[in-house]
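The sequence shown begins at 1 in this note's numbering and counts up one residue at a time.
The beta carbon of each residue, even a glycine, is placed where N, CA and C say it ideally should be.
All values derive from a computational prediction rather than experimental measurement.
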Amino acid sequence: MHHMSDDLHEPSENRAKRQRVVEGIDHTKPSVARVYDYLLGGKDNYAVDQRVASMLLQLAPDAPEAARANRQFLGRVVRHLAVNAGITQFIDIGSGLPTRGNVHEIAQSVLPEARVIYIDNDPTVLAHGRALLAKTLGTAVVDCDLREPETLLHDSQATGLVDLSKPVGMLLFGILHHLNDHERPEVIAAGLRDALPSGSHFALSHFCNPGAAHPEVAEHARAAERVFNQRLGTGRWRSREEILAYFGDWELLSPGLVPLSEWRPAPSDDTRQSITYHDFVGGVARRP
Ligand SMILES: C[S@@+](CC[C@H](N)C(=O)[O-])C[C@H]1O[C@@H](n2cnc3c(N)ncnc32)[C@H](O)[C@@H]1O
1 MHHMSDDLHE
11 PSENRAKRQR
21 VVEGIDHTKP
31 SVARVYDYLL
41 GGKDNYAVDQ
51 RVASMLLQLA
61 PDAPEAARAN
71 RQFLGRVVRH
81 LAVNAGITQF
91 IDIGSGLPTR
101 GNVHEIAQSV
111 LPEARVIYID
121 NDPTVLAHGR
131 ALLAKTLGTA
141 VVDCDLREPE
151 TLLHDSQATG
161 LVDLSKPVGM
171 LLFGILHHLN
181 DHERPEVIAA
191 GLRDALPSGS
201 HFALSHFCNP
211 GAAHPEVAEH
221 ARAAERVFNQ
231 RLGTGRWRSR
241 EEILAYFGDW
251 ELLSPGLVPL
261 SEWRPAPSDD
271 TRQSITYHDF
281 VGGVARRP
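Encoded structure:
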């Protein structure tokens, strides 16, 4: 129960911080997390996000399908890690707004003791995440920025839920493409990999510009990149080589870095399986 008098006893720096977090939700600027939520059919978004989403939909009418393909890829990867790869602890970086099939729901359905750290830097995600997860055992929502990997690892460990000396499933779905080149995502990815022990897994999905292999897709990717950067300030469709580099020298599991729907498809997927998006790819690698 929260009393007025509690505020009086709360240290002023804590109070200031708490207010910043609440005020951090900005209804006037679109957010990547909320635009994505809108594409997935969620309700945690505002008019400003819907306007950006409509612009994207004009350019890419199948964006909602691609978003769903990404969630289904995530589901297959988490299930594989929990059932076949001995992973009991996950760090989901850029976890996004809660949706159908969150990582802990998938992992704990096959492995009840699974623990999941959700990391994001968007105040809307943090508020909704905490509301949803307050009573869920084995999960935590941590306010961190991928661009500060050391803090991210430290704060994950500090939850007491994960032990970074044991194998970790590190999940980076739809986030590395929101780092610009000058932020050195390849250095950040290497820092995260190096902190994890043998048997850990690194899974990611990423916008891809397939170049000469698919010239029409490449042109489309460049157009989408422009809209993302103008409206959201981020978005990089990288080459296969650039994306493969995020796995370093870890062992890439079969079938490798592929369009999302081609990574170990499952009969339960409800995406139209005929669609292969060469501009959105994913893969999983294991530290030997
Ligand atoms: C497109 S959503 C992906 C959500 C989910 N991982 C998925 O694939 O379905 C990208 C998420 O990354 C978060 N994000 C973007 N840049 C970030 C950063 N530098 N640090 C932490 N989170 C970030 C956004 O707030 C958003 O929730």
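Beta-carbon within less than 7 Å of residue i's beta-carbon, same chain only, minus the 5 sequence neighbours each way: which residues are those?
i    : result
L39  : A53, A63, P64 and A67
I106 : G75, V78 and R79
L252 : G283 and A285
A245 : E186
L57  : A63
So what does residue i bridge to, in DSSP terms?
i    : result
D143 : D120
F173 : S205
D92  : Y118 and L171
E251 : R286
F280 : F207
R289 : With the chain represented from 1 up to 288, any question about residue 289 goes unanswered, as that position is not in the structure.
V110 : V110 pairs with nothing; no bridge assigned.
P291 : Nothing in the structure corresponds to residue 291, since the chain is present only between 1 and 288.
In whole angstroms, what is the alpha-carbon distance linking residue i and residue j?
i    : j    : result
A134 : D145 : 21 Å
G42  : G86  : 32 Å
N84  : L196 : 19 Å
G101 : W237 : 26 Å
G160 : G138 : 10 Å
H182 : E241 : 17 Å
V258 : G174 : 14 Å
A218 : A158 : 43 Å
D294 : L232 : Residue 294 falls outside the range modelled here, since the chain spans only 1 to 288, and no answer is possible.
M55  : K166 : 44 Å
V110 : L81  : 10 Å
S239 : D155 : 32 Å
P126 : H178 : At residue 126 the sequence reads Leu, which differs from the Pro that was named. Each residue's alpha carbon lies about 18 Å from the other.
P149 : V116 : 17 Å
Using a Cβ-Cβ cut-off of 6 Å (strictly less than) and excluding sequence neighbours within five positions of residue i, which residues of its own chain qualify?
i    : result
D122 : S31 and A33
D49  : P30, R34, V35 and Y38
N45  : R34, D37 and Y38
P267 : none
P288 : E251
Between the options, which lies nearest to residue i when the distance is taken from Cα to Cα?
i    : options                   : result
L176 : P167, V187 and V168       : V187
D163 : E216, T136 and I91        : I91
N180 : V217, D194 and N229       : N229
P255 : E225, A203, Y36 and N45   : A203
H206 : H182, G199 and L171       : L171
D143 : F247, D120 and A131       : D120
Q152 : I93, E225 and Q89         : One point to set straight first is that residue 152 is Leu, not Gln, in the sequence displayed. With distances taken between Cα atoms, L152 lies closest to I93.
A190 : F247, A223, S239 and H220 : F247
R250 : V103, S198, E150 and L56  : For the sequence presented, residue 250 should be read as Trp rather than Arg. It is S198 whose Cα lies nearest to the Cα of W250.
L132 : V103, S156, P61 and P149  : V103
R193 : A127, V168 and D155       : V168
Q108 : L126, W263 and T136       : T136
W263 : S200, F73, D26 and G24    : F73
R71  : R287, V281 and P210       : V281
If you drop the 5 nearest sequence neighbours on each side, which residues of the same chain put their C-beta closer than 8 Å to that of residue i?
i    : result
S5   : Unreliable placement is indicated for S5, whose pLDDT of 38 sits below 50; no coordinate value is reported for it.
E113 : T88 and G138
R51  : P30
G129 : S95, L97, P98, Y118, D120 and V141
A60  : A66, H220 and A224
A212 : A218
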